[in-house]
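To start, the structure under review is shown below, and the notes come after it.
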Amino acid sequence: MAQDTQQTNRGAWHERRETPYDRAVTGFKNYWYPLCGSREVGKRPARLWICGEPLAVVRSQGKVYAMIDECPHRGARLSLGKMEFPGVPAIACRFHGWTFDLEANGACVAALTDGPDSPVVGKIRLRMFPTQESKGIVWVWMGRGAPAPLEEDAPRLLLRDDTLVHYRWKVVKGNWRYHAEGGLGNHAMMLHRDAVGRLFHKQFGISGMRQVHNQLKLDPDDGVYLMSNQQSGAARAGVVEFEGLGSWPPQRPWRFLGRGFHKKVAGKIRQSGTRLPGLLRIPNFPMHGGLYYEWYIAMDAGHYRYFQVSAHWPKNPLSRLFTKVWYHLWARPMQKGRFNDQDKSMVLHGTEFEARHGANKPTLLFRPDVDPYDFIEMCNRMARGEASEEERQVALAEAQAAG
Amino acid sequence: MAQDTQQTNRGAWHERRETPYDRAVTGFKNYWYPLCGSREVGKRPARLWICGEPLAVVRSQGKVYAMIDECPHRGARLSLGKMEFPGVPAIACRFHGWTFDLEANGACVAALTDGPDSPVVGKIRLRMFPTQESKGIVWVWMGRGAPAPLEEDAPRLLLRDDTLVHYRWKVVKGNWRYHAEGGLGNHAMMLHRDAVGRLFHKQFGISGMRQVHNQLKLDPDDGVYLMSNQQSGAARAGVVEFEGLGSWPPQRPWRFLGRGFHKKVAGKIRQSGTRLPGLLRIPNFPMHGGLYYEWYIAMDAGHYRYFQVSAHWPKNPLSRLFTKVWYHLWARPMQKGRFNDQDKSMVLHGTEFEARHGANKPTLLFRPDVDPYDFIEMCNRMARGEASEEERQVALAEAQAAG
Amino acid sequence: MAQDTQQTNRGAWHERRETPYDRAVTGFKNYWYPLCGSREVGKRPARLWICGEPLAVVRSQGKVYAMIDECPHRGARLSLGKMEFPGVPAIACRFHGWTFDLEANGACVAALTDGPDSPVVGKIRLRMFPTQESKGIVWVWMGRGAPAPLEEDAPRLLLRDDTLVHYRWKVVKGNWRYHAEGGLGNHAMMLHRDAVGRLFHKQFGISGMRQVHNQLKLDPDDGVYLMSNQQSGAARAGVVEFEGLGSWPPQRPWRFLGRGFHKKVAGKIRQSGTRLPGLLRIPNFPMHGGLYYEWYIAMDAGHYRYFQVSAHWPKNPLSRLFTKVWYHLWARPMQKGRFNDQDKSMVLHGTEFEARHGANKPTLLFRPDVDPYDFIEMCNRMARGEASEEERQVALAEAQAAG
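Residue numbers (my numbering), protein chains in the order written: chain A, 1 to 403; chain B, 1 to 403; chain C, 1 to 403.
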């Protein structure tokens, strides 16, 4: 990214225009998102908000269907309805029986209380959202046109047969962008230093991310990421002297664990990275040898779902069992142990700040803010269907060359 | 109603203009409404929202008075005040003692803390709402001008001396119109089929209400109703074959009760009907031989009171006792048993749908929607003080001719 | 105050223009306010809303600092931060370590994660609010410019060494102005007559405040007050005959305590008074011989803090102990005993009334409303930084002459 970027980034006010990112209050629409777990979808429809839309999700004949959770007739929730005809994936609205064929792209095939000759048949369509299932996760396409291949949006490593996948999600208050921007983590050394999982780690005085811009890279195994250019734990300084204030951070004898020994995951991944439509990938977190992904999925302007996925590649049944146990005993509690709550507070504060001061622009940034800056720039250059197609192709070529 | 009505009704989008019905977000003002039960009004004023106004209701010298629950001085609630002068129905505001004569149409007759010569006396008036009591129910006139006779708005059968009346009410979320429109019940066969009181009733495949418009009728004993033209249970079809889907509804051996044997109530009423300002009358529900009325009374744009009244005409003291017991053991629980909650969900969904998509117009209707269509048309033609007086007279003549 | 005031005040509609008072929805900014108790401020920052701003308050090296509770970087709450350098009153934001020197007017002296050479150092300033501590209360200056002397805004008697001070505060719903306007109390004889502390007091038929305007007076010992012109309990009439209604108030044998024997407090204060920026002073309440102050401190447009302070001047250690015991056993419960809740209801009603009818103007006033009228006029003539400086000087001279 160009020279003037570096300049505007140095503690000066950065003026945002009305960009694709500014408009993405409820997320980028033309993407696949993880919607929920496979085991969360059954014959009784569930209701889930995503990208500003209420969705009804249901399983019929083994297949998962997602549709807008509003009958076009009177707005009743289809998630109260059910399949009235055994063996036919056609959901009937609970209110008056308008029935939509989920296999035929939501075509209205009956209006039960109006009889077989109802004139609405064939004239109305329910908005459907394409879905795919893989490794216990249901994916949904939130765009209007034909969906992109799932492999373009879902990390490909997550779709592999030999991957052991764990997930969980929860609802968080605040706008999704404040979490997505901050995901890569120039804040980690401050905000998360007393997270339970980091109590015994060394603290560093200066972020290694300062002025080191991230780089777009196409990883053929997992997709296009904005990769941290910093070696894990390498470029950071130790204790630093701040004139007139003293040295920082304070040295604690019990903080002796370094963080430079992370192994390469999946053969080569050592750095964290972010990507569209708003997710973060961290290697060796919170368990060594695995990959951790988290999505920030807008529900509405003030709420998002925090969707966490862990991937591992155990080599044999015993290591598979061991990984499962370790995940439940260590990884899940460690994610919970202050870490996520600390991030959640910051997202809420950012959202409130924007509400009080109007749109949070111009935003005051400083040198380690390469993460939010680069993430926003990536979104504006590459968001499918939002950025200009020319710029998008340039960015993709750049990523391919760097990959 | 005319030919083009039939056409716009057949699955096409029906465009609403800014009609009296559209404007009645907080109800039709120039009508008598049931406000509460007589036993709910005592010497301590109660506060009740109705048609967008907060009312204070109090009993003094045996008579019920309703007034706006805001002192014109500083907005304090008059429902915190009391009658300061024994034997005089004049309520004093708790804040500074402005005193309003409830018998003299709310004239300010004293400002206690200002002494007998206060200049505000005689210059200020508190807004009063005419009330009447009958059979244990308090009625209130929400209009600005002289009230219509109570018999024009209250079902006359409810005012008769020999009527045994039970009532109850509760607060519901959503706009009153979504309940009023759907009251007559083309939805009942879908929505209410698993209500406790209907578990053993036969199910039908097609609504008898399809394309059969309701008819305005003046019933000299009870008022002007929009009457269902369908014989109870007669015009409906049984199991129907939907091409490519299967037959519907499923036959259940335990559903053997028909619904064609209802007796005429009050000598002649067999069908359900709706009327202004927004109520539904159902014969033989939930107890045979009685009439059931329900009002949807707007509190504000997003809440209404659901006011249910049952009327019976027991022939002797023993059947009177029997009716009372039966009401409490059967009718009340049956109303509660899913039935009302099912309706409440639909009203809330409709209100949310309108909030998301703006004013819910044009609305997509289908053939069995004769009920909402006819109800809206009745309101637009006949709403007192809102519809054109010419059209109102035409509609009344029509109702008289049909009665 | 002039003749036309008297006229507009006699039950006529009083038209307000867009005055300083109208604009003071979240309070008058250029004043000292009591913020909280000294013992409520420690090394862990507290968060408090005042005058529409969120403040972080913290104690460092024994001194109290107040700042806007928003980091200028990303809006994170500074109340989550702490002093990172022992012995240096510089708070570091929890999110990225931006550090602000509280002794140097909030100058940014470090951005920890950016290292000692961070370009933001010296370019950014955190908004600070001057504070002072006195007698266990923390005072804060909410203005933008140089603060006025604390003695101009804080009652001077409260700052004296020999004063025994008790305080408490709570959050109340409603706009602060409705409480401030009504503070002096033409409503007391109606609203508070059944407050626990007044059950045995005589009731009077006419407010002594009718038409008797309050007077601006400079009390050299305590500041500029709008003083009630009425001798406590003297000008009021007893039982009064209201034609056609009866006599009022009703005489109760157990109401025998008069209120004419109040002693002069602090050598000369016998009447109640209000002053800017919105507080009330009452002598001999709820304990004889003491002064009671209450502030109505806007948090936002719909909430304020009700800050109550009692001052006493015990002559020896024994009377000091006795006063403390008496305060906790009598004064606090008496304030609570309906009295405050009655006021709170009225404030809420006034705020709702304004919300329903738009800005509450023109407001209908009557003769005893000299209090709100005079209070509003005082604000418009004297509010520092809001009223015209000429009028302000005239008013101050008037107060000095009357003092």
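All C-beta atoms, glycine included, are put in the ideal place defined by N, C-alpha and C.
Since the model is a prediction, treat every value here as computed from it, not as a measurement.
Query: Cross-chain neighbours of B:Val-272 in chain A, by beta carbon under 9 Å; Result: First, the amino acid is wrong: residue 272 of chain B is Ser here, not Val. Within 9 Å Cβ-Cβ: nothing; B:Ser-272 doesn't reach chain A, min ~16 Å.
Query: C:Asn-186 classed as buried or exposed, judged by whether at least 16 other C-beta atoms fall within 10 angstroms; Result: buried
Query: Proximity to A:Tyr-292 [Cα-Cα], best of A:Ser-60, A:His-166 and A:Leu-321; Result: A:His-166
Query: Integer Cβ distance of A:Ser-38 from A:Val-172, believed to fall under 8 Å; Result: That pair is no contact at about 23 Å.
Query: Close-in-space but distant-in-sequence residues of the same chain around C:His-349 (CB under 6 Å, 5 per side omitted); Result: none
Query: Straight-line Cα distance separating B:Leu-245 from B:Cys-36; Result: 49 Å
Query: Closest residue to A:Asn-284 among A:Gly-278, A:Tyr-296 and A:Val-265 (Cα-Cα distance); Result: A:Val-265
Query: Pairwise C-alpha distance: C:Gln-203 and C:Gln-251; Result: 8 Å
Query: Rounded Cβ spacing between B:Leu-276 and B:Cys-379 (contact assumed at less than 8 Å); Result: 6 Å
Query: Interface positions of the stretch 100-115 of chain C facing chain A (Cβ-Cβ less than 8 Å), listed along the chain; Result: Val-109, Ala-110, Ala-111, Leu-112, Thr-113, Asp-114 and Gly-115
Query: Pick from C:Glu-53, C:Lys-29, C:Gly-106 and C:Tyr-21 that is closest to A:His-357, judged by C-alpha positions; Result: C:Glu-53
Query: Three-way DSSP call (helix, strand, coil) for B:Tyr-31 in this model; Result: coil
Query: Cα-Cα separation, A:Lys-82 to A:Trp-326; Result: 40 Å
Query: Proximal residues to A:Val-64 (C-beta, below 7 Å), its chain only, five neighbours per side dropped; Result: Val-41, Val-57, Thr-131, Glu-133 and Val-138
Query: Secondary structure of C:Pro-464, DSSP reduced to three states; Result: Outside the modelled stretch of chain C, which goes from 1 to 403, sits residue 464 of chain C, for which no answer is possible.
Query: C:Ala-235 in three-state terms, based on DSSP; Result: Bear in mind that a pLDDT of 49 at C:Ala-235, under 50, signals an unreliable position, so the model cannot answer this.
Query: Alpha carbon of A:Cys-93 to alpha carbon of B:His-179, nearest angstrom; Result: 17 Å
Query: Nonlocal neighbours in the same chain, by C-beta distance under 8 Å from A:Arg-59, ignoring five residues either side; Result: Val-41, Gly-42, Lys-43 and Tyr-65
Query: Best match in C:Gly-278, C:Glu-243 and C:Pro-286 for proximity to C:Lys-263 [C-alpha to C-alpha]; Result: C:Pro-286
Query: Length of the line joining the Cα atoms of B:Pro-119 and B:Val-109; Result: 10 Å
Query: Limits of the beta strand (DSSP E) - the one that A:Pro-54 falls within; Result: 53-60
Query: DSSP state of A:Pro-362 mapped onto helix, strand, coil; Result: Annotation note: pLDDT 49 at A:Pro-362 (below 50); position unreliable, coordinate value reported separately. If DSSP states are grouped into helix, strand and coil, A:Pro-362 belongs with coil.
Query: Proximity test, Cβ basis, 8 Å: B:Gly-358 and chain C; Result: no
Query: Option nearest A:Val-196 by Cα separation, candidates A:Met-334, A:Trp-141, A:Leu-279 and A:Arg-144; Result: A:Met-334
Query: CB contact below 8 Å: B:Phe-129 versus chain C; Result: no
Query: Three CB pairs or more closer than 8 Å across the stretch 98-113 of chain C and the stretch 141-154 of chain C; Result: no
Query: Beta-carbon proximity of A:Trp-34 to A:Leu-164, cut-off 8 Å; Result: Per the sequence shown, residue 34 of chain A should be read as Pro rather than Trp. No.
Query: Straight-line Cα distance separating A:Ala-355 from C:Lys-324; Result: 46 Å
Query: Minimum Cβ-Cβ distance from C:Ile-206 to chain B less than 8 Å; Result: yes
Query: Alpha-carbon to alpha-carbon, B:Met-67 and B:Ser-310; Result: 28 Å
Query: Every unbroken alpha helix (DSSP H) within the stretch 292-344 of chain C, with a cutoff of 4 residues, ordered by chain; Result: 317-326 and 332-336
Query: Inter-residue Cα distance where the pair is A:Ala-107 and A:Pro-116; Result: 15 Å
Query: Chain-ordered chain C contacts of B:Leu-80 [CB-CB under 8 Å]; Result: Ser-345
Query: Straight-line Cα distance separating A:Glu-391 from B:Ser-247; Result: 55 Å
Query: Inter-residue spacing [alpha-carbon to alpha-carbon] between C:Ala-383 and C:Pro-20; Result: 7 Å
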